[in-house]
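Q:
Residue numbers (our numbering): 34 to 347.
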């Protein structure tokens, strides 16, 4: 059965017609250029209908907490409203979910070829899956397995205080001075976080380095020292946050890492990342961490498949 699925984030809005895990039509627009999500959706529905691949049900995964079928996106002024969508279109079934709720569902259906196994571990069926991913912000979610299926636990943990090791204290102070408030986790691990780290290193070690966007830092990391060091520190702090989340949730079925930063840079998440992830203060918890499966999802469109899975199963 065909579905219209959306992944509405802080940088891009993706809409797709999906059928049995296959994307038949895909369109992407810049989020900040959208004044109305419904207008974008109406244009997309018209295109799908013209191509003969329309659908009458939809699920939209949006970056922000869901309240009564409404998401006011965290990093933009865009609003995704279930009732408004239903009244403005001919869709007969409309669901609105958190973007990382959809990503947790995507872990159940994404193709194995789109998964990089960072640590095999010992996966237990009917157990918890924890997901975390950096993009425009830092998303988290949990999927709790039961004999009657899975239950979502939404999270806004990317906005929780950041646990920082003493040797990273200078970076913590730099971000606090910049933001005027105690830093939260996505101040370090997100596109904005990568820029914060590079700006900190420019101040501390690379005074002649120019100010760069997160995309430029990623693109130059193999030929510019300030970018290489920024990305290395970014990945180390990322591993710290994944470790903290894994210990908080104890996911017997593993940790999945998503988001655009990891999907575009999978080779940066290797043995050094895993060693930092498992570096717990107490040996017994190091053993626990080394026994957890850790996987990286490289499919940037995974949340679209997760949105379809929500329609099929919830």
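We treat Cβ as the ideally placed atom computed from N, Cα and C, and that holds for glycine.
Since this is a predicted model, take the numbers as computed values, not measurements.
Could you pull the start and end residues of the beta strand (DSSP E) that residue 166 belongs to?
A: 162-167
Q: DSSP three-state label for residue 262, please.
A: The three-state secondary structure of residue 262, taken from DSSP, is helix.
Q: Using only the alpha-carbon positions, how far apart do residue 288 and residue 162 sit?
A: Distance from the CA of residue 288 to the CA of residue 162, rounded to the nearest whole angstrom, comes to 6 Å.
Q: Are there three or more Cβ pairs, one per stretch, closer than 8 Å when the region 329-343 is compared with the region 142-154?
A: yes
Q: Pairing CB atoms from the region 40-47 with CB atoms from the region 82-101, are three or more of them under 8 Å?
A: With a cut-off of 8 Å, the region 82-101 and the region 40-47 count as touching, because enough Cβ pairs lie within range.
Q: Since residue 298 is in the alpha helix (DSSP H), which residue starts that stretch and which ends it?
A: That residue, residue 298, is in no alpha helix (DSSP H); it is neither H nor E in DSSP.
Q: Counting along the chain, where does the beta strand (DSSP E) carrying residue 185 start and finish?
A: 182-188
Q: To the nearest whole angstrom, what separates the beta carbons of residue 319 and residue 311, a pair I think is in contact under 8 Å?
A: Residue 319 to residue 311, Cβ: 6 Å. Contact.
Q: Quick check on residue 221: does DSSP put it in helix, strand or coil?
A: Coil.
Q: To which residues does DSSP link residue 30 through a beta bridge?
A: Beyond the ends of the chain as shown, which are 34 and 347, falls residue 30; an answer cannot be given.
Q: Kindly list the residues whose CB is nearer than 6 Å to the CB of residue 140, restricted to its own chain and excluding five residues on each side of it in sequence; keep chain order.
A: Same-chain partners within the cutoff: 162 and 289.
Q: Just mark residue 190 as buried or exposed, buried being the case when its beta carbon has 16 or more other beta carbons within 10 Å.
A: buried
Q: Okay, do the region 266-275 and the region 225-243 touch, 3+ Cβ pairs below 8 Å being the bar?
A: yes
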